[in-house]
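Mapped onto the UniProt record's numbering, the consecutive letters of the sequence shown carry residue numbers 1 to 153. Only one structure is covered here, and it is reproduced in the block below.
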Amino acid sequence: MKQILTLIILVSFSNCGKNIKMKKFNSEYNYSVNIPENWSEYETDEKNTNAFFDTTQWTGNLRITPMNYEIKNAKGFLREILREENGQNIDWKNIQGVYYVENVKNEEINYWCLIEKNKLYISSFTIGNLNGKSEIEMELKKIVEILKSIETK
């Protein structure tokens, strides 16, 4: 019985992110990104930044900031961030980048420095009302899927 229950839990967790309906968000900062249908943008004081949250259950805040300059030596730039922040290398289909985590005032902030078509994007996700490691991991997988969809216009 315990094995069946474990299997049911694993299947439900693995299917959790697969059926999320997405919508395309076209930013005034010359990029687009797919976000879940139940997410909305909110006002932020940060310059050139789009900020999003889940309207049905607050799980955290996602911010995407496209920088106003192109990266000439993307590999060197990312290698420097990787070393400075002790991060993880990202190599998605159309995006190169670095992922790292900072803990500020007992708050976990996840950062992605991403380059798509030589354009630098700084993204962060502050964890919200999530309990337990598995909920946080599932939410971070959702954030990664969102960030993988960034397209420079």
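For glycine and all other residues, C-beta sits at the position ideal for the given N, C-alpha and C.
**Message:** Once DSSP output is grouped into helix, strand and coil, what is the label at I122?
**Reply:** It is a strand residue.
**Request:** Compute the Euclidean distance between the alpha carbons of I146 and E41, then round it to the nearest angstrom.
**Result:** Cα to Cα, I146 sits roughly 14 angstroms from E41.
**Prompt:** Would DSSP call S32 helix, strand or coil?
**Reply:** Under the three-state reduction of DSSP, S32 is assigned to strand.
**Message:** So if DSSP puts L114 in a beta bridge, which residue, or which two residues, is it bridged to?
**Reply:** G97, Y121.
**Message:** Just to check my reading of the structure: T59 and N38 have Cβ atoms closer than 8 angstroms, yes? What is that Cβ distance to the nearest angstrom?
**Reply:** Incorrect: roughly 11 angstroms between the Cβ atoms, too far for contact.
**Prompt:** Which of the three DSSP states, helix, strand or coil, is assigned to K72?
**Reply:** Three-state DSSP puts K72 in coil, outside helix and strand.
**Message:** Quick check: what's the CA-CA separation for L62 versus E84?
**Reply:** Each residue's Cα considered, the two are about 23 angstroms apart.
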